[in-house]
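Just add 28 to wherever you are in the sequence shown, counting from 1, and you've got our numbering.
Backbone N, C-alpha and C define an ideal beta-carbon position, used for all residues, glycine too.
Shown next, in structure tokens, is the structure this report addresses.
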Amino acid sequence: MTGRAFSVALLGFALLGLTGCGHGNIRSVASYNAPPPPKVRHPLFDPYAHYGSAPAVWQPALASRQGTIVKPNDPVDQGDRPDYEGAKWGIDHLTARAGTF
């Protein structure tokens with residue numbers, strides 16, 4: 029490929045890359061309409077409660093035998109969370125299968 033053909037190809041790729049900016053995927057702040065927030069499902073939740081009025085008990089994080097930090101189970105924020113740690117592709121399963129050669 030000659031120098032001129034290379035520069036024409038480079039210019040073509042640059043223009044092709046810039047054509048993505050011409051689409052309407054960027055809007056101004058004034059045209060953005062955010063959806064309303066979802067309703068709070070917990071019937072006892074009070075957004076105007078005083079600081080420290082929730083009966084929360086702090087538990088420190090622990091370290092597992094593999095050396096990873098294990099967060100204590102909290103049903104409030106972990107109730108609908110998928111079990112990533114127990115998944116077949118998780119680090120605990122990979123270290124359990126590790127062996128020597």
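Residue i - containing alpha helix (DSSP H), residue span
i: A37; result: G31 to L46
Integer-rounded CB distance, given that residue j should sit under 8 Å from residue i
i: A84; j: V98; result: No, A84 and V98 are not in contact; Cβ-Cβ is about 19 Å, not under 8 Å.
Other residues of its chain near residue i: CB distance less than 7 Å, five sequence neighbours each side excluded
i: E113; result: D120
Cutoff 6 Å; reference residue i; Cβ partners in own chain excluding five residues on either side
i: Q94; result: T123
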